[in-house]
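At position 221 of the sequence shown (counting the first as 1) the number is 221 in UniProt numbering, and the numbers step up by one without a gap.
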Amino acid sequence: MDTLPTIDGGIEACIDKAAELILNSDAILFTSGAGWILSNGSDINKDISSEVWPPLLKYPELDFTRMNNAQWFRKAEGNSDKHNTPNFSYAFWAYRYNTDNSITPHFGYQIVKQWSEMNHIKSSFNFTGNIDGHRLRSGWNPSALVECYGSIHYMQCINKCRKRLVDTKDSLKFNIDPKTDCVIGRLPHCLYCKQLARPNTQAKLLVIELGADTTLPKVRNESASIFIDRKWTANIIRINSSTGDSVVESCYRNKTNNQGI
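Have a look at this one:
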């Protein structure tokens, strides 16, 4: 007979308090990051790991951050052992796409979905930094979801010529040259302008702050924290009838290369 794991008294108290908060709330905002991916069998956010993409073990100068850069798709196409073409990047994205699709969404998505469907919860919303589409696969309403970095399940033109997304479907099914770790053959192209297409990831965020003053600074502080957070590519527009309150302070500007007006 299996025995249930014991729960630390402090943790149990936190669980009880969390349950109380849920039962006394009218709406829930769910936010999620890579933690659920990692605990579900994917090591996708580690720097250099065979779980991210096995070839990274061969190239110590490369890591997840560098591979996860849209500038790869601005380079000339080609199968090259110099690792400086979109073909090399597409091999990375194909592996990531297949990995995300092969993993069953974390069971926690179903648990919190049940919380959102409790009779006393009037509304719920999801904000996630994951691009794997697992919330949608778990049955969440797409109109109540923001994927702040985009989704690997959609493709876009590198020039955003029509500002339209196309379902990835079979676009990331390639043959890979084992000598160069590059995609062999034709890469995905935009249906309209015929330029390269790329996964709809690395979405750029614009924060538009309206009439937030310094007397009650919580809104301004939240805007500023997103503006300077290096996890985001966030610009900010601060609109205020008071000239002094409309300024993006230099202490924030000095911490980022993003634009603030």
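Built from N, CA and C at the ideal position, the CB exists for glycine as well. Since this is a predicted model, take the numbers as computed values, not measurements.
Check: Cβ contact check for the stretch 64-76 and the stretch 7-19: 3 or more pairs under 8 Å; Outcome: no
Check: Residue interval of the alpha helix (DSSP H) (run including K12); Outcome: Per the sequence shown, the amino acid found at residue 12 is Glu instead of Lys. Per DSSP, E12 belongs to the alpha helix (DSSP H) from 9-23.
Check: Other residues of its chain near I48: CB distance less than 6 Å, five sequence neighbours each side excluded; Outcome: A caution first: I48 carries a pLDDT of 43, below 50, which makes its placement in the model unreliable, though a value can still be read off. If we look at I48 and ignore the five residues flanking it on each side, its Cβ neighbours are L56, D63.
Check: Residue burial classification, N130 (beta-carbon count within 10 angstroms, cutoff 16); Outcome: buried
Check: Sequence-distant residues of the same chain with beta carbon closer than 7 Å to A70, five excluded per side; Outcome: R198, Q202
Check: Cα-Cα separation, T6 to I15; Outcome: 13 Å
Check: Beta-carbon proximity check, T180 vs N98, cutoff 9 Å; Outcome: no
Check: Start-to-end residues for the alpha helix (DSSP H) that takes in Y154; Outcome: It is not in any alpha helix (DSSP H) - Y154 instead sits in the beta strand (DSSP E) that spans 150-157.
Check: Cβ-Cβ separation, A144 to S124 (assumed contact under 8 Å), whole Å; Outcome: 6 Å
Check: Reference residue 281; option with closest CA among Q195, G10, N126, E117; Outcome: No information on residue 281 is available, as it lies outside the stretch 1 to 261 that the chain covers here.
Check: Alpha helix (DSSP H) segment containing I226, residue limits; Outcome: 218-228
Check: Extent of the continuous alpha helix (DSSP H) run through I121; Outcome: No alpha helix (DSSP H) holds I121; DSSP gives it neither H nor E.
Check: Boundaries (first-last residue) of the beta strand (DSSP E) holding D177; Outcome: 175-177
Check: Reduced DSSP category for A76 - H, G, I as helix; E, B as strand; rest coil; Outcome: coil
Check: Residues near M155 in its chain [Cβ-Cβ closer than 8 Å; skip 5 each side]; Outcome: L165, V166, D167, T168, S171, P188, A197, R198, P199, N200
Check: Rounded straight-line distance, which links the Cα of P105 to that of A212; Outcome: 39 Å
Check: Straight-line Cα distance separating F127 from W53; Outcome: 26 Å
Check: Contacting residues, own chain, Cβ-Cβ under 6 Å from I239 (five flanking each side not counted); Outcome: L210
Check: Cut-off 8 Å between Cβ atoms - residues of its own chain near G185, not counting five sequence neighbours on either side; Outcome: F174, N175
Check: According to DSSP, residues forming a beta bridge with D81; Outcome: Looking at the DSSP assignment, D81 forms no beta bridge with any residue, so it has no partner.
Check: Per-residue burial, residue 262 [other beta carbons within 10 Å of its own, 16 or more giving buried]; Outcome: Limits of the chain in this structure are 1 at one end and 261 at the other, which puts residue 262 out of reach.
Check: Boundaries (first-last residue) of the beta strand (DSSP E) holding L210; Outcome: 205-210
Check: CB-CB length for K122 against D26, believed under 8 Å; Outcome: 5 Å
Check: Counted within 10 angstroms of its Cβ, other Cβ atoms place D8 as buried (16 or more) or exposed; Outcome: exposed
Check: Option in H83, I226, C157 with minimal Cα separation from I208; Outcome: I226
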